[in-house]
Every structure is written in C-alpha cells, then in structure tokens.
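A short write-up of the structure that comes next.
Protein chains in written order, with this note's numbering: chain L, 12 to 221; chain B, 37 to 1040.
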C-alpha cells in the first residue's frame, strides 16, 4: 500500500485567498470547493507521484496566508524541500507580495529548496491583472520555476507538483541534496516490513466461523 | 573566586549585608568590562542563588539576562548564568513543611522571575532557543531545564514565544536525537508539556519528524517492555495525535500505523525480524508483566483507539490501514494472554472492536480468524491439542466463560465488558453475522457438557448453557449470566429470523419422556427461580430484559410465552409486590407484561388480548403498570446504563461494575419503544393500532428488520395516541367523516370551473406535445439505424407504447370536450333557472311551483356538479397516469436510444472484431496455401527426382545385367583361354578394370 522510493516535503505559501488550499485539494482529492474556509495555521495533505518510474510520496503542508499566522508557518520552511509560492493572477497585490514571500523562504529554508512560482486562477482570463510574461520574468530573474494553474479546472495543477518533484529528484541524482540529511525534507521510503504473522493465530481462507 | 572570598566575609554577617553583597555582585555583572571579573561575579551569584533566591533575582536578573545576550562566546560564563537562572526559576521542591510561608514566597518569586524573563523586551527566549543548538552539554542541559521551569510557570506565554521563532520548535525536536540520554529525556519532558494542548506546536513537532524519532527511541529502549522513557515517548506521541486530525493523517501517511503491531507483541523473540513460523511460546513465564510494561502497553492501545474513534472521518481509512498491517492478531494475542493485566486485555478487546466496528470488510475478515491457542492456562489440560476455533467463539467465551482463578470477579468484569463490546461491534450493522450466530443456538447437548462446560461448544450453545446454569455460574460470578443475556439480546435484536431461530430451541429430552420446553419459557422460569432463591437482582433483570428484546415486534414469541400460564402470574406478582421486590425488577417485569399485551396479536395465541385485559386493568391496573415502568426509567441504574451506552461516562472499561444493572441493548429498545408502549397499554383489547406494521405482524410475514445499532428499531410501530379506530365503530364513522365535505360544496354553482378545465386542457396539450416530441425522438432514433433485429423490435414496442398513449390522450381529449359541452349545458340551465326565479317574484301564484322547479333544478345541478367532480377527479387521475406513462415512455425511448447506440456500437465492434478475426484467418489461410503450394512444388520435385531415380536404378539394373553377362562372358573367355593353356590369375582388379571399361563403354 505504501511503498515508495522517496518522500518529499512541500510547503505551499502565498497571500491569503490566492487558492493555496484549493490547489492542494485539487491535487490530493481532485476536488474543487468554490468557497473554502480560511486555513487556520497549517493543514496536511499527501499524495503519491511518479518521477523517472519511481514512486515518490509528497507530503504537503498548506499554510495560512494571513499575516497573523506568519510566524507559525515559518516553522515549516526549514524542513521543506519544495516550496510552491502562489499568487492570484487577478489580484495584482498578491503578485507584488511575491518578492517578500520569496525573501522569507530564502531566509528560513535551505538553499537547495526548489521553489516554483505559481500564478493561480488562470481560468479567470477576463479578470487577469498580472500578465503571464510578468510572472515568467520574475521567475527567471530569481531562478524559480514558473507555471500558471487553475485549481478550479485542474489545469496544470498536477504539473506544478510533479515538475517540482522532478527538479528535487534531479538534485538528488546530482548529489546536491542529501537524502535523510539533517534537516532535510527528503527521506528514503520505508523498507517493506515483513508481515509479522503470529503463529497459532491465523487468518484462514475458508470461512470457519459458525 | 577572589571576589567571592572577598565579599563572602561580609556576606556572612547578616541578611542586610547579604543583599548588599548581592547588589554589588549584580553591579559587577552589569558593568565589568573584564570577562574574568564578570564571570567571577556570576559564579558568586550562582552560589548565593539557592539560599538568597529572592535577593539575587531582584538585583541581578536583568544584568544576567543582558550578559547572556552580549557575551555568548564565553561558554563558562554562559553556563554559570544559565544555572543561576535555572535556580531562580525552579519551582522549589518542598524541603520541609515548617517553612510554609517561605516556600510560598519562594514560589511567588520563581513565578515572578519567569514572568520577567518572558517579558524581556529583547526576546531572550530566542536566545535560549539558539543556545539549545549549542553542543556543550551543560549549556543545553540548563537551557532545557530553564525552559521547563518557564513552561511550568506560564506555559501559554512560552508557547507563544517559541512559535514566534521560526527555528524554535525545530530546536526542541532536535533534542530528541541528542545522543546524551539525559538531555534527550529532558527534551521529551519539555515537549510533552508543550504539546498538551497547543495544536500549532503539535503540528510543527510532527512536521519535524517527531513520529520517527519517538518510535525510534521506543524501539531502542526495548519497545513496550522498556522503561519509563518509553512511556514518555508514547505519551508524547499520544499528545501529538490527540484531537489533531491533521497529525492523524500525517501519522497514517508516513506509514506509522504499520509500526504499531510490533509494539503490541510482548514476546521480544517475535518482534521485528522475529522468528516466523516458530510456535507460540507457551512457557513465557519469564516474560512477566511489570507495571511499567502494562502502562506502556495501555498508552499504545489508547493511541490505537484514538485513531479509530467511531464516527470520525478518518476512522475508515485507519481501520483499513490497521487491518492491512496485521494488527488484529497481536491484539488478540494480548486479549487472550492469561498473564496480561485485565486492563490490557480489556483495552485490546476494545481496540479490536473499534477496528471492525461499522466496517463490513473488517467484520468479515474477523469472522474468518481461527485461533488454536489455549485461552485460559488452567482450564485446559496440557497435552490435549485443541482444535482451531473461530475467534468470535473465543471472544464470547471471554465474556461469559469462567474467569482465571487468580483474578477477582469485579476486576475480570472489565474483560467481560470489553469482550461483549467486541461482539457487539462485530454484530452491529451486520445482520449476516447475527444470523450466523443465531444458527449456532442449540441446547447445551448431553450430560458431557456439564463435565466440560466450556470446551468446543458453539458460540450459541455456550451462551445458552451459561444462561441455564446461572445457579452454578452466578454464585461464582454473576456477570457470566448477565453478559450471556446481553449477548443473546445482541444476537436477537431487531432480527425476526434470529428470533424465530431461537424460538425453535426447546429443552427436555423427548426420549426420556420429558415434555419439551421452549427456551423462552425456560428463561422465564429461570427468572422466577432467581427471585425465589434470592439471587443477585441482576440475574432476574438480565433474563427479563432479554425476553423483552425477544418479544418486541414478535407475536409468535408472545404466543409461546403465554402458553405457560405461570409466566403471567409471575410477572403480576413482581409488579404488584409491595415489599421485598426491587424497583428495577418491578419495572422490567411491568415492561415485559406490557409487551405481552401489546404484541398478543398472533392468530394462534393461546390467550387472547381479551383474556389478558382484565388482568391488566383489574389485577395490575394500567396506571400502576405505567408507574412501575416510569420508575424504572427514572432510576439511577437505568440512567447510568443510558449514559454508559451514549459514552458520556468517561470510564473506559464498561462502567463501574457496582453501578451496572441494565445493558445497552435494553436501553436502546426502551428508548425507541417507550412511547408506543405507553399508548399500547392504554388500549382496550379490541382496539388495534392503525399501523401497517401490525398488519404484517399479524399476517405472519417474516423479514428481518434491517439495521441494528441505531436507537430506534425500524420495526417499531409509531403511534400518535389518537390514531386508533375502533373496529366496531369504523363503518359508521365513515359516512360521518365524509359528510361535511359534501355539505360544504355550494349547491348552486358547479364546482368544476372553466379555468380548471382550461388548465386540464393545457396539460393535455402539453402531454400531447411531449408525445409528439417523443415521436420525433423515436423517428430520429429510427433513422439512426435500420440494421439489427432486436433494435427493430424495441422500436416497435416503443412505437406501440407511443401509439397507445396517443390513443389514450385522444380519448382523454374526447372526454374533456364532452365535459366541456356538459359544462356549457349546465351553465345554460342555471341561467335559465335563475331567470325563472326572477320571474317568479312577480307572479306569486306560480311562486311555489317555480320554487319547486328551482329546487329540483338546484338538486340536479348539485348532482351534476358532484358527477363532474367525480369525473374531474377521474380525469385528473387518468392524466396523472398518462403523465407517468409518458415519462416512462420517454425513459424507455431514451433507453432504447441508448441501447440502440450501444447495440450499434456493440455490433460494430463485434463486426470489426469478426472482420479482424476473419482477416487474420484469411492471412493464415493464405500462409497455409503458400505453404501448401511450396510443399506441392517440393512434392513435384520429389516425384521428378523419384522418376529419375527409378530410371537411374533401372539403368543400373540393366548395367548389372549387362555386367553379369560380361562376367559370364569373361569367365567363359578365361575358361576358354585356360583351356587353351594360357595362365591367367583370377584377380578382381582385372575384373574391375574390365567393368570400368565396360561402364565407360556404356556411357558412351
């Protein structure tokens, strides 16, 4: 059920209301809730992806965007190996805050942490106020991956998570990231534990009861 | 130390000079530029900080904190400061009670200093957290201690401060991997304190991989057999998961559930890389259960149960994960372990119950588990190899069987309660399991069962035998019969088939001339004996509550019970008894009596309601019966049982044995049935509640009432009290009920209004439009495809349907127009009559006549309008019908379309498939043909070759003949020559040479 080659820890950060929780929900449950409650503190989600034919377990911490939770959410930066920095393409201010967020991540996380910039809500083309080019430029200026997604239509959501995983995987292959290092968001999967079968207490195939 | 010596001489004199000294030392700490001076002053303060806590704190706290921040390079100085601070903030261990006042002020000052530190404007807490990262043992050690003290004084404040620091919690978790046990253990303590209620910290601690660290430490320390550190780790784990859904998810997603089974295994040789296949250790006496082991195990069990609380959203996935990682076998092992403390056995049973509760798959898997282990060490003679038994039988035996001799019965009660919980979890929402258990209900068999009452009995016969032998068993342990009743109630509740199955059981050996006695009567008689012999009230109560559960909605059972007249007598005695009868027994007896009366509706009943009624109304009295039942409901024992079933009592072990008299199956039944019961006993014998349930009960229709476990039984009739119609009255009541409606209709004006007709018309039009639409749809559907026969048939039926509808609709339309005509007619009539009436006022002579006419007309019109009403109703009905049919037709049409499409697709697919197949076949055939032609060619060549061979052979033969001739000739020649006297040797070469020559000649 749960064998995997690697385990990566992600965080999702960005201003409040940009759709962080919706991205996670779309990724883990293939669902979209138009009205999502504000995230309190941090919520956890998980899913398996496949990179280079290897199963990789993603553990994702979805953080609250509100300023009041900032100090709590910072505690998660250090342990994460992937960071999804999200803004809302229909709200310019959320894009303008990206620089502050980036500074925050860079300050508190490991240098090897893979950061991807995500312009969410790309289904709302009519209300767009941040152009794709602007996002791309900011990303390339700062050495980030860039992708535009829609948690509502699921467009590019999978790609955002998988691309990040791909980059982390390559870093491991190149030896830039140390698996099970301290403190790192990368761990090896568990060795399959042998079923601890108890003698004298057996589950017989034939229905023997009553 | 120089400073200390210099000042100490002064400090020794008085209190006054001590504070002076301390003040000076504090000044030193603050102002010294030389690190050495500073260090010496701090060391002096440290020395004084225990004895003069208050003074040192008041004077030196701020300088010390400042120095801590400024001089972080000097390890010795840091150590001394931290130790001093630790002393200042430490909660005093009460050395002697004589200094109560001093102790209190000491406490106050420690708390005051803690507050000062926490309120430090420069956020000294983050400095502490950084110091936690220092590798020096003492620095870490004192910092952890200091943080621990601060947390003790104002935990919330410290938690806030720690959360503000991004690395804070991480640093704390790092302590868990410290190689120095002392620091690690201090860290665990601090984390336990900090995670008690703060969900944010809980989550970050989990995020920082605390689960792995903690489980790692537990394993290092020997698993649950380890010391108190193991308990602390498990406690911290418990804190992290308690009430924290996010962390529970995380726990599952990091495969931590898979690590739980190993923690449950008590024999170290069986853990981890354990020796699979090795038979279970019977002589594990060296593995005694220590108090610590039990404590550790209980925390593990608590964690397991926390993850699968009934009703939680994650419960199902956690149940699945647990089942898949094989947690049930070790849990069973624990539950059956004779040596384990009752609390551990009990919690293990509860845990299994929670794993299978409301989970069909896990219930089914549990059903298949077989166990060969001996249950109770002393009850089975060694050497006799036991047969594998279903786990459920063994669990039932735990609940109602003998207890180990060394466990007092009130302690073993918790194991029985837990086993019963597990049985209920297995049977709950699982009618198949109920039926399976009911099928094993058999009388306890022959005499041998007395000798060996517990071995190799089926689940059902075990329960029955305990119920019947209560005089032996309850003497030793009243809970045996009590739980046997509960389990049988559990098997029978809300399940008609099970009730019937159980009703078939009768006791008494026919071959010995004994009258067979149905089990239900035997139980009633046992209840009577229990009161006569003055047994624990629980025996009588549990038997009667079992009978109640059995009788509800089960008239057949009532009939059987009424067959024995002493049963009613016994109940009446109990209800009427004024002294020496427990209120609980009275209440339950009254409830039983009421049920007997309520459900005495079986056609074959030996005692009709009419004959019970006098007993109810005269000998008992309906009010008295009600009061007895009310008193039962209001008793503290009943309320306790209700609370226990609802989980409002915090007791985790099935309640306090002393308080438990009534079981949850009965309280559920009581709550669901109480209102109906109250109404039923107030009814006369000929009154029958108007409820369809009764009809089906009387008709003897059998079907089990679906779900169990819920509060209200589905089979329970609902009676609103007033909803009864007396059988005798009913025909007379009918017209009376209808008459007001007739009177209310205005006799002059027709009820069917034009607008209504129009509406009807519109509806009809709508319908016909719909039909047309369907027709169209069908048409298009028709045009889609004309191939398959089946389709055509379907289309034909659909068309027929449509035609039928159309004709029906046209009929309706005709009727409607007829009605419309009638309406017009009647309106005319009316107008006429009205004008007539007007005229009559002028001609008084014709007035009476006219009036009569008018009356007649009015009557007519009333009749007509009634007629119309009826017709209208009919029409509406028909319309509704038509509508329904049209909807059906539409659905059918849609279906046909779909089917057609599918069929087409199927046909196409099939065709394509067959084509592909044929293609393949043809290709194959071609290949074969080619092969064959090749072969033919080969064969041709062969025959040619053969011909040639034959000719060659013939030639050869000819040659041979020729050669033979030649030979002969040669011989002749030689003979002739010899005869002529020539000497010729008989050499082959010569002959050969001659042959060769011949050949050559031949070929030429």
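Just so you know, even glycine gets a beta-carbon here, dropped at the ideal spot from N, CA and C.
Residue burial classification, residue i (beta-carbon count within 10 angstroms, cutoff 16)
| i | result |
| --- | --- |
| residue 888 of chain B | exposed |
| residue 24 of chain L | buried |
| residue 592 of chain B | buried |
| residue 569 of chain B | exposed |
| residue 604 of chain B | buried |
| residue 560 of chain B | buried |
| residue 419 of chain B | Reliability fails at residue 419 of chain B, whose pLDDT of 44 lies under 50, so the model's placement of it is uncertain and no value is given. |
| residue 470 of chain B | buried |
| residue 206 of chain L | The predicted model places residue 206 of chain L with a pLDDT of 36, which falls under 50 and marks its position as unreliable, so this point remains unresolved. |
| residue 315 of chain B | Reliability of the predicted coordinates at residue 315 of chain B is poor, the pLDDT of 40 falling under 50, and no value is obtained from them. |
| residue 535 of chain B | buried |
| residue 185 of chain B | buried |
| residue 24 of chain B | Residue coverage of chain B in this structure runs from 37 to 1040, which leaves residue 24 of chain B outside it and unanswerable. |
| residue 117 of chain B | buried |
Beta-bridge pairing of residue i - partner residues as DSSP gives them
| i | result |
| --- | --- |
| residue 198 of chain L | L:18 |
| residue 10 of chain L | Outside the shown range of chain L, which is 12 to 221, sits residue 10 of chain L, and nothing can be said about it. |
| residue 61 of chain L | L:66 |
| residue 25 of chain L | L:97 |
| residue 156 of chain L | L:127 |
| residue 543 of chain B | B:553 |
| residue 166 of chain L | L:161 |
Nearest residue (CA-CA) to residue i, options the options
| i | options | result |
| --- | --- | --- |
| residue 398 of chain B | B:590, B:364, B:650 and B:652 | B:364 |
| residue 125 of chain L | L:93, L:181 and L:78 | L:93 |
| residue 676 of chain B | B:944, B:690 and B:508 | B:690 |
| residue 624 of chain B | B:710, B:723, B:974 and B:163 | B:710 |
| residue 105 of chain L | L:139, L:42 and L:123 | L:139 |
| residue 586 of chain B | B:145, B:599, B:72 and B:533 | B:533 |
| residue 223 of chain B | B:201, B:258, B:180 and B:240 | B:180 |
| residue 582 of chain B | B:805, B:402, B:524 and B:692 | B:524 |
| residue 75 of chain B | B:902, B:112 and B:153 | B:112 |
| residue 161 of chain L | L:102, L:115 and L:37 | L:37 |
| residue 366 of chain B | B:940, B:298 and B:641 | B:298 |
| residue 573 of chain B | B:619, B:955 and B:964 | B:619 |
| residue 294 of chain B | B:357, B:951, B:958 and B:854 | B:357 |
Query raised in the report: For the 8 Å Cβ check, are there 3 or more pairs between the stretch 95 to 106 of chain L and the stretch 28 to 47 of chain L?
Result: The stretch 95 to 106 of chain L is in contact with the stretch 28 to 47 of chain L.
Query raised in the report: Using 8 Å as the Cβ pair cut-off and three pairs as the minimum, do the stretch 638 to 651 of chain B and the stretch 714 to 724 of chain B touch?
Result: As far as the Cβ criterion goes, the stretch 638 to 651 of chain B touches the stretch 714 to 724 of chain B, which means the pair count is three or higher.
Requested in this report: Output, in sequence order along the chain, the residues in the stretch 47 to 79 of chain L whose CB is closer than 8 Å to any CB in chain B.
Outcome: Result list: 52, 53, 54, 55, 56, 57, 68, 70 and 72.
Requested in this report: Determine which residues of the stretch 153 to 164 of chain L have a Cβ less than 8 Å from any Cβ of chain B, and write them out in chain order.
Outcome: Listed by position, the residues of the stretch 153 to 164 of chain L near chain B (Cβ gap below 8 Å) amount to none.
**Report entry** the stretch 539 to 556 of chain B touching the stretch 668 to 683 of chain B, judged by at least three CB pairs closer than 8 Å
**Finding:** Segments in contact, no.
Query - Stretch pair the stretch 430 to 446 of chain B + the stretch 455 to 473 of chain B: three plus CB contacts closer than 8 Å - result: In this structure the stretch 430 to 446 of chain B touches the stretch 455 to 473 of chain B; the number of beta carbon pairs closer than 8 Å is three or more.
Query raised in the report: Looking at C-beta atoms only, is the number of pairs between the stretch 649 to 665 of chain B and the stretch 687 to 703 of chain B that lie closer than 8 Å three or more?
Result: As far as the Cβ criterion goes, the stretch 649 to 665 of chain B does not touch the stretch 687 to 703 of chain B, which means the pair count is below three.
Requested in this report: Decide if the stretch 46 to 57 of chain L is in contact with the stretch 179 to 186 of chain L; the criterion is three or more beta carbon pairs, one per stretch, under 8 Å apart.
Outcome: The answer is no - the stretch 179 to 186 of chain L does not touch the stretch 46 to 57 of chain L, with fewer than three Cβ pairs under 8 Å.
Query raised in the report: Given 8 Å as the limit, is there contact between the stretch 59 to 69 of chain L and the stretch 127 to 134 of chain L, that is, 3 or more CB pairs closer than that?
Result: Verdict: no, contact absent.
Report task. Answer yes if the stretch 77 to 94 of chain B comes into contact with the stretch 157 to 171 of chain B, meaning at least three C-beta pairs across the two stretches below 8 Å, and no otherwise. Result -> No, they do not touch.
Query raised in the report: What residues from the stretch 86 to 117 of chain L come within 8 Å of chain B, judged by C-beta to C-beta, listed N to C?
Result: Of all residues in the stretch 86 to 117 of chain L, only 86, 87, 88, 89 and 90 place a beta-carbon less than 8 Å from a beta-carbon of chain B.
Query raised in the report: If you measure beta-carbon to beta-carbon, which residues of the stretch 140 to 159 of chain B are closer than 7 Å to chain L?
Result: Taking 7 Å as the Cβ-Cβ cut-off against chain L, none of the residues of the stretch 140 to 159 of chain B qualify.
Query raised in the report: For the stretch 196 to 203 of chain B against the stretch 75 to 84 of chain L, are there 3 or more C-beta pairs whose distance is under 8 Å?
Result: The stretch 196 to 203 of chain B, when compared against the stretch 75 to 84 of chain L, does touch it at the 8 Å Cβ threshold.
Query raised in the report: Does the stretch 211 to 230 of chain B come close enough to the stretch 255 to 270 of chain B to have 3 or more Cβ pairs within less than 8 Å?
Result: Judged by pairs of C-beta atoms under 8 Å, the stretch 211 to 230 of chain B touches the stretch 255 to 270 of chain B, as three or more such pairs exist.
Query raised in the report: According to a CB-to-CB cut-off of less than 9 Å, which residues of the stretch 239 to 254 of chain B neighbour chain L?
Result: Residues 239, 240, 242, 243, 244, 245 and 248.
**Report entry** Given 8 Å, three or more beta-carbon pairs between the stretch 334 to 345 of chain B and the stretch 376 to 395 of chain B
**Finding:** The answer is yes - the stretch 376 to 395 of chain B touches the stretch 334 to 345 of chain B, with three or more Cβ pairs under 8 Å.
Query - Chain-ordered residues of the stretch 268 to 295 of chain B with a beta carbon less than 7 Å from chain L - result: Residues 282, 285, 286, 289, 291 and 294.
Query raised in the report: If you measure beta-carbon to beta-carbon, which residues of the stretch 25 to 40 of chain L are closer than 8 Å to chain B?
Result: Going along the stretch 25 to 40 of chain L in chain order, one finds no residue with a Cβ nearer than 8 Å to chain B.
Requested in this report: Check each residue of the stretch 210 to 236 of chain B: if its Cβ is closer than 9 Å to any Cβ of chain L, include it; give the result in chain order.
Outcome: Result list: 210, 213, 235 and 236.
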